[in-house]
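Engineer: Read left to right, the sequence shown gives residues 453 to 653 (the numbering used here).
For glycine and all other residues, C-beta sits at the position ideal for the given N, C-alpha and C.
To start, I am sharing the structure in question, which I have written as structure tokens.
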Amino acid sequence: MESPTLWFTLLLFPLGQNSSNPKSLILISPFILHYFHRTVLYPLRLRKKPSNGYPISVALIAFVYNLFNSYLQARWVSEYADYDTDNWFWWRFCGGLVVFLCGMVVNVRSDMELLRLKEGGGGYKIPRGGLFEYVSCANYFGEIVEWSGWWLMTGSWVGLGFLLYTCANLVPRARANHMWYLEKFGEDYPKKRKIVIPFVY
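Okay, structure coming up:
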């Protein structure tokens, strides 16, 4: 469902008037890195296909959204961003990149922990270690942090829109997962563990 974001971005990006600008090339790189991991590397780590697929309507909506989002992000970076008069570009980019990479590390490590639990067999288990000690959905928290960094890097409305969409999508899912953990494990589930934002929610 997320694959359009990688190939459509790579297809659109060269069409922008700023596509050969070094700042533009550097700026789009973290975005491509995330989706290369998500659509190429992550699936390779799956030992077996998920037993429960998605309804075709959900898959179609996700596919269309990812086309739309990749269009907005790629066009902003390669066409509409003003690199000539942006005196804060490098400060914003470096700060945002640190946030983005921290989020990506959390996201990837948390996904690996969830995969490890699934591959171990023996039924459902409580995730432990890392930010799972603080929140039920550390992988979602990592992704929210990633796209917060992307918004900082781009300094754009499309970056902010993507962050808000990510929160609107992942926070309710995180709450549903948290409630499932509480129902499944009862008294064994850590009481102080928040849903998706450490110490807050």
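Please classify HIS482 as buried or exposed, where buried requires at least 16 neighbouring CB atoms within 10 angstroms.
Structural biologist: The sequence position of residue 482 within the sequence shown is 30, counting from 1. His is not the amino acid found at residue 482; the sequence shown has Pro there. Burial call: buried.
Engineer: Quick one: what's VAL587 bridged to in DSSP?
Structural biologist: Walking along the sequence shown from the start, residue 587 turns up at place 135. BP columns for VAL587 point to LYS646.
Engineer: Quick one: Cα of THR618 to Cα of ALA590, how far?
Structural biologist: Position 166 of the sequence shown, counted from the start, is the residue given in the question as residue 618. Position 138 of the sequence shown, counted from the start, is the residue given in the question as residue 590. Their Cα atoms are separated by approximately 14 Å.
Engineer: Specify, as a first and last residue, the run of the alpha helix (DSSP H) that TRP459 falls within.
Structural biologist: As a first step, residue 459 is located in the sequence shown; it is residue number 7 there, counting from the start. Note, TRP459: alpha helix (DSSP H), 455-464.
Engineer: Please state the DSSP three-state secondary structure of TYR532.
Structural biologist: Working through the sequence shown from its first residue, we reach residue 532 at position 80. Note: TYR532 maps to helix in three-state DSSP.
Engineer: Considering HIS486, what are the terminal residues of the alpha helix (DSSP H) in which it resides?
Structural biologist: What you label residue 486 is simply residue 34 of the sequence shown in a count that begins at 1. 474-488 is the extent of the alpha helix (DSSP H) around HIS486.
Engineer: Going by other Cβ atoms of all chains shown within 10 Å of its Cβ, with 16 needed for buried, is GLU639 buried or exposed?
Structural biologist: Against the sequence shown, residue 639 aligns to sequence position 187. The C-beta of GLU639 has fewer than 16 other C-beta atoms within 10 Å across all chains shown, which makes the residue exposed.
Engineer: On the premise that PHE465 lies in contact with ILE480, defined as a C-beta separation below 8 Å, what is that separation, rounded to the nearest angstrom?
Structural biologist: Stepping through the sequence shown from its first residue, residue 480 is reached at position 28. Stepping through the sequence shown from its first residue, residue 465 is reached at position 13. So it is a contact: roughly 6 Å between Cβ atoms.
Engineer: Is it a yes or a no for the stretch 506-519 touching the stretch 570-578, going by three-plus beta-carbon pairs under 8 Å?
Structural biologist: no
Engineer: Determine whether the beta carbon atoms of GLU598 and ASN539 lie at a separation below 8 Å.
Structural biologist: Here residue 598 refers to the residue found at position 146 of the sequence shown. Here residue 539 refers to the residue found at position 87 of the sequence shown. Not in contact: GLU598 and ASN539 (Cβ atoms no closer than 8 Å).
Engineer: Quick one, which of GLY613, LEU634 and HIS486 has its alpha-carbon nearest LEU549's?
Structural biologist: As a working note, residue 549 is residue 97 in the sequence shown. When only C-alpha atoms are compared, the closest one is HIS486.
Engineer: So the candidates are HIS489, ALA526 and THR491; which of them puts its Cα closest to the Cα of THR606?
Structural biologist: Taking the sequence shown and counting its residues from 1, the one referred to as residue 606 is at position 154. Checking every option, the nearest Cα to that of THR606 belongs to ALA526.
Engineer: For ASN518, which residues in the same chain have their Cβ closer than 6 Å to its Cβ, ignoring the five residues on either side in sequence?
Structural biologist: The count along the sequence shown starts at 1 and reaches residue 518 at position 66. Closer than 6 Å at Cβ, skipping near neighbours: GLU454, PRO456 and THR457.
Engineer: Note down, in chain order, each residue of its chain lying with its Cβ closer than 7 Å to the Cβ of ARG561, except the 5 sequence neighbours on either side.
Structural biologist: Position 109 of the sequence shown holds residue 561. Result list for ARG561: GLY582, in chain order.
Engineer: Check whether the Cβ atoms of SER600 and ILE647 sit closer than 8 Å, and answer yes or no.
Structural biologist: To locate residue 600, count along the sequence shown from 1; it is residue 148. To locate residue 647, count along the sequence shown from 1; it is residue 195. No, they are not a contact pair.
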